[in-house]
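Protein chains in written order, with the working numbering: chain Y, 1 to 385; chain V, 386 to 770. Backbone N, C-alpha and C fix where the C-beta goes; we use that ideal spot for every residue, glycine too. Please read all numbers here as calculations on a predicted model, not as lab measurements. Structure, as C-alpha cells:
Protein chains: 2
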Amino acid sequence: MKNYFSSDFKLGVLGGGQLGKMLLAETQKYDIYTAILDGSNDAPCAQICNEFHLGNLMDFDDVYKFGKTVDVLTIEIEHVNVNALEKLEAEGIKVYPSSKTLRKIQNKATQKLFFQDHNIPTAEFSRFAFSSEINEALKHGGLSLPFVWKSAQFGYDGTGVKIIKSENDLINLPHGECITEQLIPFKNELAVIVARNPSGEIKTYPVVEMEFHPEANQVEYVICPARIDEKVAKKAQEVALKVADSFKHVGLLAVEMFQTEEDEIIVNEVAPRTHNSGHYSIEASYTSQFEQHLRTVLDLPLGNTQNKVAGIMVNLVGEEGYNGDVIYENIENIMKIDGVTPHIYGKKQTRPFRKMGHVTIINKDINKAREIAAEVKKTIKVISK
Amino acid sequence: MKNYFSSDFKLGVLGGGQLGKMLLAETQKYDIYTAILDGSNDAPCAQICNEFHLGNLMDFDDVYKFGKTVDVLTIEIEHVNVNALEKLEAEGIKVYPSSKTLRKIQNKATQKLFFQDHNIPTAEFSRFAFSSEINEALKHGGLSLPFVWKSAQFGYDGTGVKIIKSENDLINLPHGECITEQLIPFKNELAVIVARNPSGEIKTYPVVEMEFHPEANQVEYVICPARIDEKVAKKAQEVALKVADSFKHVGLLAVEMFQTEEDEIIVNEVAPRTHNSGHYSIEASYTSQFEQHLRTVLDLPLGNTQNKVAGIMVNLVGEEGYNGDVIYENIENIMKIDGVTPHIYGKKQTRPFRKMGHVTIINKDINKAREIAAEVKKTIKVISK
Numbered sequence: 001m002k003n004y005f006s007s008d009f010k011l012g013v014l015g016g017g018q019l020g021k022m023l024l025a026e027t028q029k030y031d032i033y034t035a036i037l038d039g040s041n042d043a044p045c046a047q048i049c050n051e052f053h054l055g056n057l058m059d060f061d062d063v064y065k066f067g068k069t070v071d072v073l074t075i076e077i078e079h080v081n082v083n084a085l086e087k088l089e090a091e092g093i094k095v096y097p098s099s100k101t102l103r104k105i106q107n108k109a110t111q112k113l114f115f116q117d118h119n120i121p122t123a124e125f126s127r128f129a130f131s132s133e134i135n136e137a138l139k140h141g142g143l144s145l146p147f148v149w150k151s152a153q154f155g156y157d158g159t160g161v162k163i164i165k166s167e168n169d170l171i172n173l174p175h176g177e178c179i180t181e182q183l184i185p186f187k188n189e190l191a192v193i194v195a196r197n198p199s200g201e202i203k204t205y206p207v208v209e210m211e212f213h214p215e216a217n218q219v220e221y222v223i224c225p226a227r228i229d230e231k232v233a234k235k236a237q238e239v240a241l242k243v244a245d246s247f248k249h250v251g252l253l254a255v256e257m258f259q260t261e262e263d264e265i266i267v268n269e270v271a272p273r274t275h276n277s278g279h280y281s282i283e284a285s286y287t288s289q290f291e292q293h294l295r296t297v298l299d300l301p302l303g304n305t306q307n308k309v310a311g312i313m314v315n316l317v318g319e320e321g322y323n324g325d326v327i328y329e330n331i332e333n334i335m336k337i338d339g340v341t342p343h344i345y346g347k348k349q350t351r352p353f354r355k356m357g358h359v360t361i362i363n364k365d366i367n368k369a370r371e372i373a374a375e376v377k378k379t380i381k382v383i384s385k
Numbered sequence: 386m387k388n389y390f391s392s393d394f395k396l397g398v399l400g401g402g403q404l405g406k407m408l409l410a411e412t413q414k415y416d417i418y419t420a421i422l423d424g425s426n427d428a429p430c431a432q433i434c435n436e437f438h439l440g441n442l443m444d445f446d447d448v449y450k451f452g453k454t455v456d457v458l459t460i461e462i463e464h465v466n467v468n469a470l471e472k473l474e475a476e477g478i479k480v481y482p483s484s485k486t487l488r489k490i491q492n493k494a495t496q497k498l499f500f501q502d503h504n505i506p507t508a509e510f511s512r513f514a515f516s517s518e519i520n521e522a523l524k525h526g527g528l529s530l531p532f533v534w535k536s537a538q539f540g541y542d543g544t545g546v547k548i549i550k551s552e553n554d555l556i557n558l559p560h561g562e563c564i565t566e567q568l569i570p571f572k573n574e575l576a577v578i579v580a581r582n583p584s585g586e587i588k589t590y591p592v593v594e595m596e597f598h599p600e601a602n603q604v605e606y607v608i609c610p611a612r613i614d615e616k617v618a619k620k621a622q623e624v625a626l627k628v629a630d631s632f633k634h635v636g637l638l639a640v641e642m643f644q645t646e647e648d649e650i651i652v653n654e655v656a657p658r659t660h661n662s663g664h665y666s667i668e669a670s671y672t673s674q675f676e677q678h679l680r681t682v683l684d685l686p687l688g689n690t691q692n693k694v695a696g697i698m699v700n701l702v703g704e705e706g707y708n709g710d711v712i713y714e715n716i717e718n719i720m721k722i723d724g725v726t727p728h729i730y731g732k733k734q735t736r737p738f739r740k741m742g743h744v745t746i747i748n749k750d751i752n753k754a755r756e757i758a759a760e761v762k763k764t765i766k767v768i769s770k
C-alpha cells in the first residue's frame with residue numbers, strides 16, 4: 001500500500017468551497033498533500049491548500065488534466081465532469097466516489113429510477129424532459145396538485161426545488177429536465193450519513209433531525225441525535241445502509257429521508273459527499289464527517305461515528321435585504337455561551353439566504369443545546385456593511 | 386472594535402511549526418487572515434497559511450518588518466527577537482503576549498527570579514554566567530550533588546535540561562548562562578494551561594498529569610483530567626492562576642508543576658503559548674487550546690475549558706536508530722481503535738526523539754483511555770525508509 005502519510009502522495013479534490021475547506025483541516029491534521037481544483041481564485045480553499053488549480057469543474061479538459069496529477073481524486077461537490085472521471089478511472093487513477101455512482105446521483109430523475117430499481121422506499125414521481133410538459137400533464141390528468149417540482153440537474157440549497165400548489169406556481173420555472181414528486185405529509189425530515197471505504201467497511205452516523213426555513217427551503221437546525229423513537233431511528237439507518245450498499249458507494253453518502261405520519265421511512269434524495277447535515281460532527285462526534293470522508297477515500301479504517309455529546313447546527317445564511325461586504329453581527333455575543341462554535345466559510349460577499357457559515361452548539365443535555373441554539377439564531381445576523 | 390471576521394484584518398504569527406499549524410486550523414475555522422514568519426520554507430505552516438514570510442525569528446529587522454504588516458502579532462514559540470516586539474508595541478501594533486512578559490520568560494534565570502519576587506512556590510536555584518562556574522561552586526560547597534542543570538536560554542523539548550548526579554555529568558555541558566536547581570522528589574508532574582485575554586477574562590484548563598520518557602526527558606503520556614486528589618488539583622489551578630496574574634499575561638500560559646511527596650505544588654517552569662500538555666484538548670475539550678489562544682489574542686470571550694470526555698496524548702517521536710525520510714509504521718492499525726486520532730506535523734525527516742506528531746485517545750472512561758494509550762504506544766513506530 002502507498003504510504004499516504006508521506007510527501008510522495010497527492011490527494012486531489014474537485015471543488016474548493018466550504019466543504020473542501022473543512023476537509024482541508026483534516027488533510028492538514030494527517031499531513032496529506034492536497035491539491036484543489038476550483039473555478040474561482042477567491043474560493044475558500046484557494047490560499048490554504050498545498051496546491052491550487054484554477055479550472056472549470058464541468059469542463060472535461062480541466063478535470064482530466066487536474067486528475068492526471070493526483071493519486072486519489074475525490075469531490076467536494078457532485079456537479080463535476082463525469083466523462084473526465086471515467087477516463088481517469090480507465091487510466092488507473094483512483095476516483096472516489098466513482099463516475100458510475102456520480103452519474104446516477106447527478107441527475108435526480110436517474111437517482112429516483114435507481115431507488116425504484118433497488119426497492120428503496122421513495123415518493124412516486126414523474127419525469128419530464130421540459131418543465132413546460134408539466135402543464136400538459138396537469139390538463140390531461142396525468143398529474144394533480146399539489147406536488148413537488150425538482151430540477152433534474154444542479155439542485156442545490158433550495159434552488160431547484162419548489163412546492164407547486166397552483167398553476168400560478170409553474171410560471172417562471174426553469175425550462176429544463178425535471179421531475180415532479182408526490183407531496184408526502186411527514187412528521188420529520190431526517191438524514192443519515194453513511195461512510196464506506198473501498199475495502200467495503202461501512203458505518204452509519206446517528207440519525208439527525210432537520211428543521212427547514214419555511215421560505216428559503218434551507219436547513220435551520222440540524223439536531224443530533226434526532227429526538228425520535230429508537231425503532232424509527234433504527235429503520236432510518238437500515239434504509240440508509242441499503243442505499244449506500246446498492247450504489248456500492250465509496251466515500252460518504254448523505255441520505256435525506258422523511259418520517260411519514262405512519263412512521264414509515266422514505267428516501268427523499270442523496271448527496272455523495274460531506275453534507276450540511278453532518279457539520280455538527282466536527283464538535284460532537286468522535287470522528288467528524290470530514291475526517292471520515294478522508295478515511296474512506298484513502299481506504300483507511302473508519303472512525304467511531306458516535307457522539308461525544310449532543311450537537312445542534314444552525315446555518316448562518318445572509319439576511320434578507322443585505323447584499324455586499326459581509327459582517328457577522330453579534331458574533332462575539334454568541335461566543336460567550338459555553339459550547340458555541342461559529343464556523344466562517346470565508347465568502348466575502350453576502351446575499352439573501354447565501355450560506356456564509358454555520359454555528360455548532362454542543363452540550364451534554366440535548367434540550368439545553370436546543371435552547372442555546374434558539375438563542376444563537378436570534379442573536380447572530382449575517383448582514384452587510 | 387475592528388471586525389476580525391472580515392478580510393481587512395490580519396493576524397501575524399511568529400513561527401510556523403506544528404503549534405502554528407494547529408493554530409491555523411482555528412484561524413481557518415474563523416476565517417481570520419493569517420500571515421506566518423518562519424526561518425524555513427519547509428515549515429509545516431508554509432503552504433497552508435494565507436501569507437508566508439521567510440525570515441529569522443531572532444533577527445530584529447525580520448521580526449520588525451513582518452510585524453509592521455499585521456494588526457495583531459502573536460507567537461508560536463517564545464524564542465523571538467523581543468527588541469523588535471518592543472518597538473512594534475511602541476508603534477501601536479498589538480503584541481500578545483507582550484515583550485515584557487516574553488523577556489521575563491525567555492531566560493530561565495529571569496523566570497525563576499520572577500517567581501521568587503512574586504512568592505510563587507518554586508525549587509531553590511543558583512544562577513551561573515557560565516556553566517564552568519558550577520565546578521567552582523561544587524568545590525567550595527556552594528552547591529551539592531545531585532541537582533538539575535538548565536540552560537538559561539533556548540531550553541526546549543529536553544535539550545537544555547540535565548540531571549547532574551556526579552561531576553562526570555558536567556563534562557560536555559553547553560558553556561553559556563545556566564541555572565542549577567534543587568532536585569525535588571515528587572509524586573507527579575502536573576500542568577495547567579491558563580488563558581487570559583486583554584480585557585482580563587481568565588480561565589484555567591483542568592490539571593493534566595504527565596509521564597516522561599526516562600531518557601529523552603520528553604513527555605510520553607499527558608492525561609486529562611489528572612488522576613489526583615481534588616484538593617491538590619484545586620491548589621494546582623490556584624497556583625497557575627497566580628502565575629498568569631502576576632505576569633498580567635495575555636494569551637495562553639502553560640504552567641508546569643511538581644506535586645511533592647507532601648502534596649505541595651511547586652512551579653517548575655512556564656511557557657507563554659500553546660503547549661504539548663494541551664494537545665489533548667483538540668479532541669477532548671469544549672474549546673481546544675488553539676481556539677482559546679486565538680480567542681485570547683483577539684480579545685474575544687474565552688471558551689469553555691472543560692472536557693467533553695477524558696483525553697490522553699501520546700507523543701510521536703522518532704525511534705532511536707532511525708534517521709531520514711519518515712514512515713509512520715502501523716498507523717493504520719491504531720486508526721482502527723475507537724477514539725484514536727493521529728496528528729502528523731509534516732516534518733519529512735525523522736531523527737531520534739524528534740517530535741513528529743502526536744496521537745490523542747479519547748474515551749468516556751479514563752482508565753479505558755489509558756489502556757488504549759499503552760496499546761497505541763506499543764503499536765505505532767516513527768521510523769525511516
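Taking Cβ positions, are residue i and residue j nearer each other than 8 Å?
| i | j | result |
| --- | --- | --- |
| V:GLU463 | V:ARG658 | yes |
| Y:THR305 | Y:LYS203 | yes |
| Y:LEU173 | Y:LYS162 | yes |
| Y:ASN315 | Y:VAL219 | yes |
| Y:GLU209 | Y:ILE228 | yes |
| Y:GLU283 | Y:ILE362 | yes |
| Y:HIS53 | Y:ILE32 | no |
| Y:LEU294 | Y:ASN197 | no |
| V:HIS563 | V:LYS535 | Reading off the sequence, residue 563 of chain V comes out as Cys, not His. The answer is yes: Cβ separation under 8 Å. |
| Y:ILE337 | Y:VAL222 | no |
For residue i, which of helix, strand or coil comes out of DSSP?
| i | result |
| --- | --- |
| V:LEU528 | coil |
| Y:SER246 | helix |
| Y:ASN107 | coil |
| V:GLU518 | helix |
| Y:LYS21 | helix |
| V:ASN504 | coil |
| Y:ASP8 | coil |
| Y:LYS150 | strand |
| V:VAL465 | coil |
Between residue i and residue j, how many whole angstroms is the CB-CB distance? I'm expecting something under 8 Å.
| i | j | result |
| --- | --- | --- |
| Y:GLU329 | Y:ILE380 | 7 Å |
| Y:THR341 | Y:VAL359 | 7 Å |
| Y:LEU85 | Y:LEU102 | 7 Å |
| V:VAL682 | V:TYR481 | 4 Å |
| V:VAL592 | V:PRO610 | 6 Å |
| Y:SER277 | Y:SER288 | In fact, because the Cβ distance is near 13 Å, the residues do not count as touching under 8 Å. |
Contact criterion: CB-CB distance below 8 Å. Does residue i meet it with respect to chain V?
| i | result |
| --- | --- |
| Y:PHE5 | yes |
| Y:MET335 | yes |
| Y:ASN304 | yes |
| Y:PRO97 | no |
| Y:LYS235 | no |
| Y:ILE193 | no |
| Y:VAL309 | yes |
| Y:HIS343 | yes |
| Y:LYS378 | no |
| Y:LYS355 | no |
If we cut at 8 Å on Cβ distances, does residue i have a partner in chain Y?
| i | result |
| --- | --- |
| V:HIS664 | no |
| V:ASN435 | yes |
| V:ILE716 | yes |
| V:ILE747 | yes |
| V:GLN829 | The first residue shown for chain V is 386 and the last is 770, placing residue 829 of chain V beyond what the model contains. |
Legend entry - Start-end ranges of the alpha helix (DSSP H) lying completely within the stretch 665-738 of chain V, minimum 4 residues: 666-669, 674-682 and 716-720
Legend entry - Contained beta strand (DSSP E) runs [length at least 3] in the stretch 639-664 of chain V, N- to C-terminal order: 650-656
Inset, instruction - Quick one: which unbroken alpha helix (DSSP H) runs of 4-plus residues sit fully inside the stretch 424-456 of chain V? Chain order, please. - result: 445-452
Inset, instruction - Pull out every residue of the stretch 393-412 of chain V whose Cβ sits closer than 7 Å to any Cβ of chain A, in chain order. - result: Absent from the structure is chain A; the protein chains it does hold are Y and V.
Inset, instruction - Enumerate, from N- to C-terminal direction, the unbroken beta strand (DSSP E) stretches of 3 or more residues contained entirely within the stretch 180-233 of chain Y. - result: 186-196, 202-204, 208-212 and 219-224
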